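A.B. asks: Just so we're aligned: the sequence shown equals residues -31 to -1, 1 to 295 in mature numbering (1 follows the signal peptide of the UniProt record, and there is no 0).
Before we start, here is the structure in question, set down as structure tokens.
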Amino acid sequence: MICSPHIMSVQHAKRQIPFLALMAAAIAAGASGCAAQPGPSRSEIVIDGPRSFPENITSTKDGTIITGSVGSGGIFRAVPGAAVATQWIAAGDNGLLDTFGVLADEASNILWVCSSRLDPAAPGQVTAKPAVFRYDLKTGAFRSKHPLPGGSGLCNDIAIGPDKAAYVADTAGGRILRLAADSQELTEWSRSNDLEGADGLAFQDRLLFVNSFTSGKLMRIELKADGSAGKPVVLKTSRPLTRPDGMRRLNATQLVLAEGGGTIDLLTIKGDTVAVQTLRSGLVGPAGVTIVENTLWALESKLSLRDKPESDPAPFKAYAITLPSP
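As structure tokens, this is what we get:
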């Protein structure tokens, strides 16, 4: 793997997509050349626009930073060394909806994007289907679109497995989907009650780690030799997790995590137990993390302010955090 919802009327959301109501209520309760590496001159990156509400973040080895948007839509990018991420892929491109998970896969030159509608469709509006999109990582050119099985759900996050397949968290459907490297169709790989609210994904060899935004669980699922999924194992964390969201692999025993409750964490895994170390606190709705060299970029999404027109949520930023020494 490359180193790389949301306030609405709860009653209305319950009639449309029950999970989104839970997610909204939870958030409302909380408030290619020489690469310039991030350093003191780029301690933060502004995601352009007054209401971009970036929901996830990814990066490439040269220091390019890419985010999605559940506010203005589309994809934003900051080139190496730049302190501002500007619109790169337009909102609505090829039917692109709100953009949730983004993942830069340099091995295949693909930018993976989770496209879903955050708010229920208005009366008479055609219901657009959630899907996984693939774009050229270098040019931003559209490559393909892969709807979620059944035409519903919330495509939220993506991880690439050791089998080169893409694994996708369907948060509303409580399942993990899989797109094989040689396939055009997503299939259901794992579904269980534990996976309700499934959000952040990260692989450690043949183990897929999954967190649940709604329950706070952190789980591990084995990718078996035949490609099937083992039973989710709920891990014991040293403290409860509050609305865990985007998650990335750091090394063979550690992950980094954004908690919607306001913190950025280092997770150290030992068997079925996980030590949680807070690296930064006090952020407003952090939703994603990515890694460039020894720098962790933490995305402050401020999603709890999305449906408060009286608020002025901008600027939206990603903050640089120096990772602790091994």
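Here a beta-carbon is modelled for each residue, glycine too, at the ideal position from N, C-alpha and C.
Predicted model, so just to flag it, every value in this text is computed and none were measured.
Please state if the CB of S38 and the CB of P23 are separated by a distance shorter than 7 Å.
C.D. replies: Cβ distance < 7 Å, so P23 and S38 count as in contact.
A.B. asks: Let me know if G32 comes out buried or exposed under the rule of 16 or more other beta-carbons within 10 Å of its beta-carbon.
C.D. replies: Classification for G32: buried.
A.B. asks: Quick one: Cα of V203 to Cα of A141, how far?
C.D. replies: Rounded to whole angstroms, V203 to A141 spans 19 Å at the Cα level.
A.B. asks: Quick check on the DSSP output: what are the complete beta strand (DSSP E) runs of length 3 or more inside the stretch 188 to 245, in order along the chain?
C.D. replies: Here the runs fully enclosed are 213 to 218, 223 to 228 and 232 to 239.
A.B. asks: Check whether the Cβ atoms of A52 and R11 sit closer than 7 Å, and answer yes or no.
C.D. replies: Taking 7 Å as the Cβ cut-off, A52 and R11 qualify as a contacting pair.
A.B. asks: Sort L274, E262 and K277 by Cα distance to S294 and report the nearest one.
C.D. replies: Here the closest residue by C-alpha is E262.
A.B. asks: In angstroms, rounded to a whole number, what distance separates the CA positions of residue 296 and P284?
C.D. replies: Since the displayed the chain opens at -31 and closes at 295, residue 296 lies outside it and no answer follows.
A.B. asks: Since W266 sits in a beta bridge, which residues does DSSP pair it with?
C.D. replies: Partner(s): T259 and A289.
A.B. asks: With DSSP as the reference, label D62 as helix, strand or coil.
C.D. replies: Three-state result, D62: helix.
A.B. asks: How about D214 and D168: do their beta carbons lie closer than 7 Å?
C.D. replies: Result yes, Cβ atoms of D214 and D168 sit closer than 7 Å.
A.B. asks: Where does R11 sit, in a helix, a strand or coil, going by DSSP?
C.D. replies: If DSSP states are grouped into helix, strand and coil, R11 belongs with the helices.
A.B. asks: Cα-Cα, which of D151, L72, T211 and K186 is closest to F102?
C.D. replies: The candidate whose alpha carbon is nearest that of F102 is L72.
A.B. asks: Would a C-beta distance cut-off of 7 Å place S21 and G40 closer than the cut-off?
C.D. replies: In contact: S21 and G40 (Cβ atoms closer than 7 Å).
A.B. asks: Taking L224 as the reference, which of G231, G257, G251 and G230 has the closest Cα?
C.D. replies: Among G231, G257, G251 and G230, the Cα nearest to that of L224 belongs to G257.
A.B. asks: Please name the residue, chosen from A97, I129 and P131, that lies closest to L123 on a Cα-to-Cα basis.
C.D. replies: Of A97, I129 and P131, the residue nearest in Cα terms is A97.
A.B. asks: Kindly list the residues whose CB is nearer than 6 Å to the CB of residue 312, restricted to its own chain and excluding five residues on each side of it in sequence; keep chain order.
C.D. replies: No answer is possible for residue 312: the residues shown for the chain start at -31 and end at 295.
A.B. asks: Between the C-alpha atoms of R275 and P282, what's the straight-line distance to the nearest angstrom?
C.D. replies: Their Cα atoms are separated by approximately 8 Å.
A.B. asks: Hey, R160 and L176: beta-carbon distance below 7 Å or not?
C.D. replies: No. Outside cutoff.
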